[in-house]
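>
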Amino acid sequence: MQNDIQEVLYSEQQIQDKIKEMGEQISRDFEGRNPLVICVLKGAFIFMADLVKQITIPLELDFMAVSSYGASTKSSGVVKIIKDLDISVEGRHIVIVEDIIDSGLTLSYLIDVLERRNALSITVAALFDKPARRSAELDADYKGFVIPDAFVVGYGLDYAEKYRNLPYVGVLKPEVYSQ
Ligand code: XMP
Ligand code: MG
Numbered sequence: 001m002q003n004d005i006q007e008v009l010y011s012e013q014q015i016q017d018k019i020k021e022m023g024e025q026i027s028r029d030f031e032g033r034n035p036l037v038i039c040v041l042k043g044a045f046i047f048m049a050d051l052v053k054q055i056t057i058p059l060e061l062d063f064m065a066v067s068s069y070g071a072s073t074k075s076s077g078v079v080k081i082i083k084d085l086d087i088s089v090e091g092r093h094i095v096i097v098e099d100i101i102d103s104g105l106t107l108s109y110l111i112d113v114l115e116r117r118n119a120l121s122i123t124v125a126a127l128f129d130k131p132a133r134r135s136a137e138l139d140a141d142y143k144g145f146v147i148p149d150a151f152v153v154g155y156g157l158d159y160a161e162k163y164r165n166l167p168y169v170g171v172l173k174p175e176v177y178s179q
């Protein structure tokens with residue numbers, strides 16, 4: 001698995017340090033608001049687990065799964081809800097936890113859905129931002145790292161469902177997905 005990685009972009013420690021900062025900021029901003037923190041599966045599952053441990057105020061959490069890429073490395077623009085929320089978003093302050101924003105299509109679709117369900121506010125926390133290929137007008141309120149336009153894996157992020165369990169984030173060797 002390690003042999004498929006061309007370069008480590010962020011180490012486990014760098015990621016944890018950044019998440020601590022993000023958690024502290026969210027704790028300050030959402031004091032007294034009992035936010036509903038929504039994890040976008042599957043990519044954000046490790047980020048979600050680490051982030052909520054760094055948030056020191058009461059919160060509720062839930063999970064949602066959407067499809068965007070399948071086994072390809074480009075967004076199809078078609079987003080489908082695979083698993084919906086259990087908790088109602090109506091009148092709630094929502095924090096969407098995403099692994100990475102690329103084209104922005106997935107998130108803008110999700111935000112649209114939650115707005116139509118009458119969420120009180122919607123805020124986005126994304127660990128990675130890849131602005132190079134953005135097609136939807138959208139930015140994260142809490143952002144971990146801005147990364148170049150390379151396909152990255154690890155720390156929840158996959159290529160064809162592999163590499164999610166790497167504790168760091170790295171760039172995949174191009175020959176892995178071009179063969
Ligand atoms: P969009 O284009 O809708 O994409 O913003 C967001 C989703 O696409 C996935 N994605 C990636 N997954 N390495 C991955 O493993 C990447 O470099 C990458 N870029 C986008 C991811 O699931 C994200 O939620
Ligand atoms: Mg994702």
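With the UniProt record's numbering applied, the sequence shown has no gaps in its numbers, which climb one by one up to 179 at the end. Ideal placement from N, C-alpha and C gives every residue a C-beta, glycine not left out.
I'd like the ranges of any alpha helix (DSSP H) spanning at least 4 consecutive residues and lying wholly in the UniProt domain "Phosphoribosyltransferase" (9-159).
Entirely contained in the UniProt domain "Phosphoribosyltransferase" (9-159), the alpha helix (DSSP H) runs reaching 4 residues are, in chain order, 12-29, 45-53, 105-116.
> Using 8 Å for Cβ pairs, my map puts residue 140 next to residue 101. What's the rounded Cβ distance?
Right, the Cβ-Cβ distance comes to about 6 Å (below 8 Å), so this counts as a contact.
> List the whole-angstrom C-beta distance separating residue 180 from residue 97, where the pair is believed to meet the contact cut-off of C-beta under 8 Å.
One cannot answer for residue 180 here, as it falls past the ends of the chain, which runs 1 to 179.
> Starting from the C-beta of residue 10, find all residues in its chain whose C-beta is less than 7 Å away, skip the five residues before and the five after it, and write them out in chain order.
Once the five neighbours on either side are set aside, the close Cβ partners of residue 10 are 145, 168, 169.
> Between residue 41 and residue 64, which are expected to be in contact by the criterion C-beta below 8 Å, what is the C-beta distance as a whole number of angstroms?
Right, their Cβ atoms sit about 7 Å apart.
> Between residue 15 and ligand 1, is the CB less than 8 Å from at least one heavy atom?
No.
> I'd like the span of the alpha helix (DSSP H) that includes residue 167, first residue to last.
Taken as a continuous stretch (DSSP letters only), residue 167 belongs to no alpha helix (DSSP H), as it is neither H nor E.
> How big is the Cα-Cα spacing for residue 133 and residue 148?
If I take the Cα positions, the gap works out to 10 Å.
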